[in-house]
Amino acid sequence: MGSETDSTRSRPFLLTLPGVYAPQSDTRLLLAALEQERVGPGTTVLDIGTGSGALALRAAQLGCEVTAVDIAPRAVLTARLNAMLHRRRITVRRSDLTSALDTHPYDLVLCNPPYVPAPHTPPRGASRAWNAGHDGRAVIDRLCATAPSILRHDGGVLLLVHSALCDPGTTLDRLAHAGLHATIHSRTRIPFGPVLLSRLPWLREHQLLHTDDTNEELVVIRAQHP
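See below:
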């Protein structure tokens with residue numbers, strides 16, 4: 320594709336229904352990582368926690384065979400609508416991680432999970448898309464344990480984005496213990512958003528933030544089967 324067409328297609332209009340996580344800085348960081356992978360026709364991709372379907376849609380635009388899942392019914396509907404609007408074939412299912420999928424390996428797994436430390440994690444509602452327990456690892460730890468079984472064994476790749484608040488080092492260790500080669504692929508720093516600003520005292524009380532912190536670091540972890 321030419322550069323003008325590629326640029327246009329990489330930033331499509333996305334419908335985001337109320338209560339569905341809208342693409343933000345973490346989505347864009349993960350999109351950039353996706354576009355650095357050698358993917359195309361024949362590449363099987365699984366997008367876990369698809370939300371609006373932004374990552375799934377971009378993978379489909381690159382020619383991949385895409386499956387997207389989300390636990391929230393409204394997110395599933397949103398991703399399906401965006402696939403239809405952009406005339407892309409994406410299989411979208413409601414699933415808690417991979418519970419509703421036939422187990423088979425994927426070439427590439429993408430995940431922008433809930434990762435914000437929170438005093439309480441509600442069982443439903445929009446905040447379930449970002450709140451992830453006291454250490455922010457309620458979903459990340461489950462994914463680390465699941466990843467080896469859903470990646471193609473000869474080179475399958477996981478791209479996972481999360482905040483430095485929930486300890487990327489622990490994620491690297493858990494993925495390595497699971498048999499994957501894991502590294503920090505990319506990182507960026509962004510000003511605190513409304514969610515973090517609303518709970519600064521709690522985060523500082525639990526020593527998850529230094530008193531003078533004003534920015535959050537986001538990282539993309541890339542893990543691959545040897």
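Going letter by letter, the sequence shown gives residues 320 to 545 in the numbering used here.
Beta carbons: idealized from backbone N, C-alpha and C, even for Gly.
Euclidean distance between Cα positions of residue i and residue j
i    : j    : result
V339 : H496 : 33 Å
R412 : L479 : 20 Å
Q343 : T335 : 12 Å
P520 : E535 : 15 Å
D486 : G452 : 13 Å
V546 : V395 : There is simply no residue 546 to check, as the chain begins at 320 and stops at 545 in what is shown.
L559 : T530 : Within the shown structure, residues of the chain are numbered from 320 to 545, placing residue 559 beyond reach of any answer.
D366 : T346 : 12 Å
P467 : S371 : 26 Å
Helix, strand or coil at residue i according to DSSP, with G and I counted as helix
i    : result
P438 : coil
H504 : strand
L333 : coil
H496 : helix
E536 : strand
A387 : strand
A542 : strand
S418 : coil
T410 : strand
Short Cβ contact (8 Å threshold) for residue i with residue j
i    : j    : result
D460 : P436 : no
R463 : L484 : According to the sequence displayed, residue 463 carries Cys and not Arg. In this structure, L484 does not lie closer than 8 Å to C463 by Cβ.
A373 : L416 : no
V428 : L470 : yes
S505 : A351 : yes
H481 : Q543 : no
L348 : L477 : no
C386 : T410 : Cys is not the amino acid found at residue 386; the sequence shown has Thr there. In this structure, T410 lies closer than 8 Å to T386 by Cβ.
T490 : R541 : no
L376 : R408 : no
Bounding residues of the alpha helix (DSSP H) (the contiguous stretch that carries residue i)
i    : result
P520 : 519-524
L462 : 459-469
R344 : Checking the sequence shown, residue 344 turns out to be Ser, not Arg. Taken as a continuous stretch (DSSP letters only), the alpha helix (DSSP H) holding S344 covers 344-354.
Neighbour-count burial assignment, residue i, 16 or more Cβ in a 10 Å radius
i    : result
T359 : The sequence given here has Gly at residue 359, not Thr. So G359 counts as exposed.
D426 : buried
T369 : buried
P432 : buried
S354 : According to the sequence displayed, residue 354 carries Glu and not Ser. Answer is exposed; the Cβ neighbour count stays below 16.
L516 : exposed
G475 : buried
E356 : buried
T324 : Because T324 sits at a pLDDT of 38, beneath the cut-off of 50, its placement in the model cannot be relied upon, and the following sentence gives the value as read from the coordinates. By the neighbour-count rule (16 or more Cβ atoms within 10 Å), T324 is not buried but exposed.
Closer than 8 Å to chain C by CB, residue i
i    : result
R471 : Absent from the structure is chain C; it holds one protein chain and no more.
Residue span of the beta strand (DSSP E) that contains residue i, given as start and end
i    : result
D366 : 363-367
V480 : 476-482
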